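Undergrad: For the sequence shown, UniProt numbering assigns the number 1 to the initial residue and increments by one for each residue that follows.
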Amino acid sequence: MGSLYWEFCGRQDHLKDIVREEFFKLKCCSYNPKDLDKHFQNAVRRYYLIGGMDDLNIKQAYLESILLKLGQETLHMIEMKGQSLGTTSFGELHNLVQRTLKKLCNQRKFFSDIHTIGRKLEKACE
1 MGSLYWEFCG RQDHLKDIVR EEFFKLKCCS YNPKDLDKHF QNAVRRYYLI
51 GGMDDLNIKQ AYLESILLKL GQETLHMIEM KGQSLGTTSF GELHNLVQRT
101 LKKLCNQRKF FSDIHTIGRK LEKACE
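1) Return the CA-CA distance between G52 and I117, expressed in angstroms with no decimal places.
2) Count the other CB atoms, across all protein chains shown, that sit within 10 Å of the CB of K38; report buried if there are 16 or more and exposed otherwise.
3) Starting from V22 and walking both ways along the alpha helix (DSSP H), at which residues does that stretch end?
4) By Cβ distance below 7 angstroms, which residues in the same chain neighbour G86 in space, the five residues on each side in sequence not counted?
5) Given a cut-off of 9 angstroms on the beta-carbon distance, is the pair L63 and L93 in contact?
6) Is the segment 41-48 in contact with the segment 66-80, if contact means three or more CB pairs nearer than 8 angstroms?
7) Identify whether K120 lies in helix, strand or coil by the three-state DSSP scheme.
8) Rounded to whole angstroms, what is the Cα-Cα separation between Q83 and L70?
9) For residue 202, I'd like the list of residues in its chain whose CB is within less than 8 angstroms of its CB, leaving aside the five on either flank, ordered along the chain.
10) Helix, strand or coil for residue 137, going by three-state DSSP, please let me know.
11) If we ignore side chains and look at the alpha-carbon of each, how far apart do F90 and L36 end up?
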């Protein structure tokens, strides 16, 4: 029975390689939280199929699959917490991406407020 399975279905090792290749091709070019969640769902399915729990390259590839600034800031946040990418779980990594996005949005609002107040104070401060 086993030889019939191998003959018609083939070895399953190549499926892991295909899924790994698909994982490395994933990209998300949006700051929209819903798009990031959808991207994470696509990535996490492949992550567990390829056994990425112990693979630092997989986590690094996930950070590189999102927009550059968001990935860099997330890695910076991990380092500020005193952790490493290797000790961060995949789910925690996604939570950090979401927190980083919120942080970037808050910074944008802060600078926008400063700019608005600055224009109002421009004449008063001359």
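From the three backbone atoms N, C-alpha and C, an ideal C-beta is built for every residue, glycine too. A quick note: this is a predicted structure, and the numbers were derived from the prediction, not measured.
TA: Well, looking at it:
1) In the sequence shown, counting from the first residue as 1, residue 52 sits at position 52. In the sequence shown, counting from the first residue as 1, residue 117 sits at position 117. Their Cα atoms are separated by approximately 48 angstroms.
2) As a position in the sequence shown, residue 38 is number 38, starting the count at 1. Exposed: under 16 other Cβ atoms inside 10 Å.
3) Taking the first residue of the sequence shown as 1, we reach residue 22 at position 22. Going by the sequence as given, residue 22 is Glu instead of Val. Residues 13-25.
4) Reading the sequence shown from its first residue, position 86 is the one you call residue 86. L56.
5) Taking the first residue of the sequence shown as 1, we reach residue 63 at position 63. Taking the first residue of the sequence shown as 1, we reach residue 93 at position 93. A contact, by the Cβ cut-off of 9 angstroms.
6) no
7) By one-based count along the sequence shown, residue 120 stands at place 120. It is helical.
8) By 1-based counting over the sequence shown, the position of residue 83 is 83. By 1-based counting over the sequence shown, the position of residue 70 is 70. Computed Cα separation, rounded: 18 angstroms.
9) The requested residue 202 does not occur in the structure, where the chain is confined to residues 1 to 126.
10) The requested residue 137 is not part of the displayed model; the chain covers only 1 to 126.
11) Residue numbering aside, residue 90 sits at position 90 when the sequence shown is read from its first letter. Residue numbering aside, residue 36 sits at position 36 when the sequence shown is read from its first letter. Straight-line Cα distance between these residues: approximately 14 angstroms.
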